[in-house]
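For reference, the structure is listed below as structure tokens.
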């Protein structure tokens with residue numbers, strides 16, 4: 001039988017009625033002749049509740065026990081989904097991560113998938129099971145302890161199973177009906193895309209789009225897993241949602257595919273750093289060791305042996321960055337006058353594979369922002385992306401203006 005992977009997020013399994021609705025969708029695919037692997041998240045809000053209990057019980061918690069607690073939400077959903085399918089006379093069985101086994105690293109709360117052996121599940125399909133309902137987000141470490149893959153990890157679980165089993169497709173069911181050119185809450189001109197290239201989706205996900213977890217898109221691109229994002233609340237069809245696929249499958253695409261944003265950014269500037277070989281390595285090694293996720297980096301021109309170094313990071317990591325820099329200064333590894341944090345910034349980006357073969361995108365983007373009186377603080381570019389850091393109060397205006405300027409409300 002061909003294999004199909006279907007993943008249902010928390011809002012799609014938020015209560016028993018929604019689990020029944022999701023189960024009916026699974027039943028439709030079984031009737032088409034598929035063996036189906038269903039990946040489920042915890043019911044909406046349950047993981048937050050479990051995390052809250054852990055933090056209230058033990059503020060400096062043992063990450064192994066954190067994983068044992070927070071992974072339980074997916075176990076409940078998997079069991080209820082399997083029971084619902086059985087009531088529909090669909091042969092189904094629930095699977096926890098250790099039963100597969102989904103083998104991971106031992107980095108609790110942020111483990112990475114190492115291997116998904118297919119023998120156990122394939123044998124059960126051979127014995128008549130039609131649906132395997134797998135608890136997403138969880139696996140098993142080399143020492144046998146339960147691990148979790150980080151928030152949003154059920155998306156990664158789904159793509160990994162699709163790759164391991166050579167699935168025909170991986171359908172991600174969520175509360176939105178596809179991938180949009182930008183956030184519809186910011187502009188009502190946002191348009192749903194029928195198809196988007198892996199690289200574009202990866203950039204959009206990493207730049208703030210919340211539709212898919214970044215790691216899941218990385219996996220899909222590496223193993224060429226056809227991903228489809230669609231709503232669990234709308235009528236099902238073979239053309240519903242947005243297909244995330246190889247660039248070659250998209251006949252004609254616009255220069256810019258979408259506008260992404262992240263409001264939770266901070267701009268950090270080290271003033272008057274000693275300009276010498278290895279200084280950048282010292283700064284960013286210290287930040288890495290402290291777990292600070294650095295994004296945009298700009299170094300000013302050196303004057304009299306001193307320079308300024310600017311970088312961006314998530315706003316909730318500012319204190320950690322400040323602590324890391326101060327620690328390096330006290331240790332004598334770093335010499336600077338001051339560390340200035342600007343917490344009132346946002347990152348806005350335009351993304352598109354068409355930028356590879358078209359010039360003038362940056363010039364147009366900067367002119368649009370200038371016309372709106374928006375000052376650019378930091379700029380970074382890649383082959384298919386241009387990102388700017390601006391004052392947060394102008395973020396929505398920037399997104400709307402760029403969306404209009406690149407005519408993203410119109411199909412290619």
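Residue numbers (the UniProt record's numbering): 1 to 412.
Backbone N, C-alpha and C fix where the C-beta goes; we use that ideal spot for every residue, glycine too.
With contact defined as three or more Cβ pairs closer than 8 Å, the segment 268-275 and the segment 369-382 are not in contact. The alpha helix (DSSP H) runs lying completely inside the segment 132-203 and spanning 4 residues or more are 153-164, given in chain order. Using a Cβ distance threshold of 8 Å, residue 104 and residue 73 do not count as a contacting pair. Between residue 59 and residue 34 a beta carbon distance of about 46 Å is seen, past the 8 Å cut, so the two are scored as non-contacting. Residue 146 is classed as buried because its beta carbon has at least 16 other beta carbons within 10 Å across all chains shown.
Our two residues, residue 27 and residue 132, have alpha carbons roughly 12 Å apart in a direct line.
Counting the other Cβ atoms within 10 Å of the Cβ of residue 356 gives fewer than 16, which makes it exposed. Going by beta carbons, residue 199 and residue 384 fall inside the 8 Å limit. Counting along the chain, the unbroken beta strand (DSSP E) around residue 299 starts and ends at 297-299. Taking residue 364 as the centre and dropping the five residues before and after it, the same chain places the C-beta of 405 closer than 7 Å to its C-beta, in chain order. Taking 8 Å as the cut-off, the Cβ atoms of residue 193 and residue 179 count as close. Inter-segment contact for the segment 104-118 and the segment 127-141 is present: three or more beta-carbon pairs are separated by less than 8 Å. Rounded to whole angstroms, the Cβ separation of residue 171 and residue 24 is 14 Å, and the two are not in contact under 8 Å. For the pair residue 309 and residue 317, the CB atoms are not nearer than the 8 Å cut-off.
In the structure shown, residue 342 adopts extended strand secondary structure according to DSSP, grouped into three states.
The secondary-structure analysis by DSSP pairs residue 94 across a beta bridge with 133. Note on geometry: alpha-carbon atoms of residue 157 and residue 330 lie some 43 Å from one another. By the beta-carbon neighbour count (other beta carbons within 10 angstroms, threshold 16), residue 243 is buried. Around the C-beta of residue 188, fewer than 16 other C-beta atoms lie within 10 Å, and the residue is accordingly described as exposed.
Between residue 241 and residue 408, the CB-CB gap reaches or exceeds 8 Å. Judged by their CB atoms, residue 63 and residue 96 are not nearer to each other than the 8 Å cut-off. Distance from the CA of residue 190 to the CA of residue 51, rounded to the nearest whole angstrom, comes to 34 Å.
Look at residue 254 here: in three-state DSSP terms it is coil, with no helix or strand label. Secondary structure at residue 408: coil, using DSSP grouped into helix, strand and coil.
With 16 or more other CB atoms across the displayed protein chains lying within 10 angstroms of its CB, residue 265 is buried. Taking a contact as a CB-CB distance under 8 Å, the pair residue 390 and residue 345 counts as one, their CB atoms being some 7 Å apart. Membership of residue 16 in the alpha helix (DSSP H) is indicated by the continuous run 16-31.
A residue is called buried when at least 16 other Cβ atoms come within 10 angstroms of its Cβ; residue 31 does not meet this threshold and is exposed. Taking the C-beta atoms as reference points, residue 41 is found nearer than 8 Å to residue 10.
It is roughly 6 Å from the alpha-carbon of residue 38 to the alpha-carbon of residue 5. Burial is judged here by how many other beta carbons sit within 10 angstroms of a residue's own beta carbon; residue 130 has at least 16 and is buried. Less than 8 Å separates the beta-carbon of residue 349 from that of residue 207. In the structure shown, the three-state DSSP call for residue 330 is helix.
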